[in-house]
Amino acid sequence: MSHDLFEAARAAMAFAHAPYSKFPVGAAIRAEDGKIYAGANIENLSFPQGWCAEPTAISHMIMAGNRKIVEMAVIAEKLPLCPPCGGCRQKIAEFATAGTPIYLCDETGVKKTMTMEELLPHGFATDVIG
33 MSHDLFEAAR
43 AAMAFAHAPY
53 SKFPVGAAIR
63 AEDGKIYAGA
73 NIENLSFPQG
83 WCAEPTAISH
93 MIMAGNRKIV
103 EMAVIAEKLP
113 LCPPCGGCRQ
123 KIAEFATAGT
133 PIYLCDETGV
143 KKTMTMEELL
153 PHGFATDVIG
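Using the numbering used here, read the sequence shown as starting at 33 and increasing by one per residue.
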């Protein structure tokens, strides 16, 4: 099932706007309804006003009326198995569970699977704070 997420993340990466870092990233989410929502990083000359691929995909999911990430894939053109950055890990955790699988990819496919708990072991918990 993760192969279609990889393909969607890789396709999204082609739309990255990364003229400053030259570091295109793509992400794809499978939401609770089974649909896939993808995004790419979009940079802005006024750093740090750009945003990463993961929140772009989350935004598409939210705007479609979904609130739960079932699984997610991330790919970066220049860094195989690139994990989400720290800020994105907390953004993902807002809509995921501790056991949600996050697939780290290279140009050929999924190479490593991690859970949100592994990526963000002591993140803010919405059931405690929210």
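All residues carry an ideal CB built from backbone N, CA and C; glycine is no exception. Please read all numbers here as calculations on a predicted model, not as lab measurements.
Query: Hey, out of 146, 115, 101 and 143, whose CA is closest to residue 124's CA?; Result: 101
Query: Between 108, 43, 90 and 85, which has its C-alpha nearest residue 126's C-alpha?; Result: 90
Query: DSSP state of residue 116, grouped into three classes?; Result: coil
Query: Rounding to the nearest angstrom, what Cα-Cα distance links residue 30 and residue 48 in this structure?; Result: The structure shown has nothing for residue 30, since the chain only spans 33 to 162.
Query: Go to residue 64, then tell me how far its beta strand (DSSP E) extends in each direction, as first and last residue.; Result: Segment: none, residue 64 is in no beta strand (DSSP E) and carries neither H nor E.
Query: If distances are taken between C-alpha atoms only, which option among 153, 59, 42 and 129 comes closest to residue 92?; Result: 59
Query: Would you call the region 64-83 and the region 134-150 in contact, with 3 or more CB pairs under 8 Å?; Result: no
Query: I need the straight-line Cα distance from residue 50 to residue 107, nearest angstrom please.; Result: 14 Å
Query: DSSP state of residue 35, grouped into three classes?; Result: helix
Query: Mind checking residue 88: buried by the 16 CB within 10 Å criterion, or exposed?; Result: buried
Query: Could you tell me the alpha carbon to alpha carbon distance between residue 37 and residue 66, rounded to whole angstroms?; Result: 11 Å
Query: Alpha carbons only, please: which of 109, 122 and 128 is nearest the one belonging to residue 155?; Result: 122
Query: Determine the closest residue to residue 34 out of 150, 152, 151 and 146, with distance taken between C-alpha atoms.; Result: 146
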